[in-house]
Structures are given as structure tokens and as C-alpha cells.
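Written below as C-alpha cells is the structure these notes are about.
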Amino acid sequence: MLRVELDATDIKILRELQRDGRMTNVELAERVGISAPPCLRRVRKLEELGVIEGYAAILNGPKLGYDLVAFCLVGLKHQSEANLKAFASLAESWPIVREAWMVSGDSDFLLRCTAENLTKFQDFVIEVLAANEHVDTVRTMLTIRQVKKLGLVEI
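Numbers 62 to 216, taken from the numbering used here, label the letters of the sequence shown in order.
Here it is in C-alpha cells:
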């Protein structure tokens, strides 16, 4: 994968969109210091290049009844490519798993899970995750509170 070359204006655009992806093109252009037509062209180019992958609303989990955020470190019995792919595919199908990362070290996967409560999370861990034929170990970490929340990259 080739790294995309960005100039200072592109970086300003990305920084502003990461803060607020819902603003109008006119507002974005004002914040960045260019006129609206070239701003729109730059945004479209960044989208075409895959630098901007999409736009989404950031939801407040507790206000929607999802009070628990936890992380699971999962170790597989065998780290064959087939087992890694099979587990990754399963992780995509579990709604409680909001992010899944293949990692190095003592574990093979790191899962960020969101659930309505501790009982729902425990049921998932015991009945689904630990019961999976490929899974050898599961270590869980319940969160206390989020202390930092930024966009995915520093730009």
C-alpha cells in the first residue's frame, strides 16, 4: 500500500473533518481558508484515494442502554491461517464485538465489546466466545471509564 502525499491544506481538511464530519463544504472551506469549489475537489480526491473511508455518527452507548464496554484478549488453540481467518470471520458476525484486531504477543485477537449489561457480556463470553472450537484462552477486562477519545489518527 502506497502512502498518499498530502499538502498542508489536505491535512487541514482532514483535521477539520475528523473533528466534525457533518459540516457543510462551505463551512469546511472557511475553516481551512480556501474557497468552496477547490475544497470540494480536494475532499472528493481524498475520498477517491481512500484517505477518507467514510462518514459516521458517533453514538452515546449509555444513552442507548449500552452501559458496558469491555475488552477480550483471545488466544486460539492453533494459529494456522485457516483458523485465524475463521475466527476473524466469526468476530465480524458477533454484534457485541464492535472492533476486532489480530495482534501479536500472548494473544491472537483483541476484541472491543459493547453490551447492555454485565450479564449480557458474561453470556457472550461463556456461551459464544469461550465455547468456540478454535478458542484456547479468553481474558477479559471491564472498563471503568473512558478518559480519552480522539479520531483514529493524529493529523
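Note that the Cβ used here is the ideal one computed from N, Cα and C, for glycine as well. The model shown is predicted, which means the values in this text are computed figures rather than measured ones.
Bridge partner(s) assigned by DSSP for residue i
i	result
residue 160	173
residue 133	172, 201
residue 196	137
Residue i in three-state terms, based on DSSP
i	result
residue 87	helix
residue 189	helix
residue 75	helix
residue 60	Limits of the chain in this structure are 62 at one end and 216 at the other, which puts residue 60 out of reach.
residue 181	helix
residue 144	helix
residue 65	coil
residue 152	helix
residue 210	coil
residue 101	helix
residue 215	coil
residue 114	coil
residue 120	coil
Selection from the options that minimises the alpha carbon distance to residue i
i	options	result
residue 151	196, 167, 117	196
residue 215	70, 69, 66, 75	75
residue 70	162, 209, 78	78
residue 104	82, 125, 121, 120	82
residue 223	127, 209, 169	In the structure as shown, the chain begins at 62 and stops at 216. Residue 223 is therefore absent and cannot be evaluated.
residue 213	117, 67, 66, 96	117
residue 73	193, 125, 107	107
is_contact[residue i, chain B] using C-beta, thresh 9 Å
i	result
residue 132	Given the protein chain composition of this structure (a single chain), no chain B is represented.
Any chance the stretch 106-116 sits against the stretch 174-189, with 3 or more Cβ pairs inside 8 Å? no
If contact is defined by three or more beta carbon pairs under 8 Å, each pair taking one atom from either stretch, is the stretch 90-103 in contact with the stretch 128-143? no
Three or more C-beta pairs under 8 Å: does that hold for the stretch 124-134 against the stretch 86-95? no
Can you find at least 3 beta carbon pairs, one from the stretch 138-157 and one from the stretch 200-213, that sit closer than 8 Å? no
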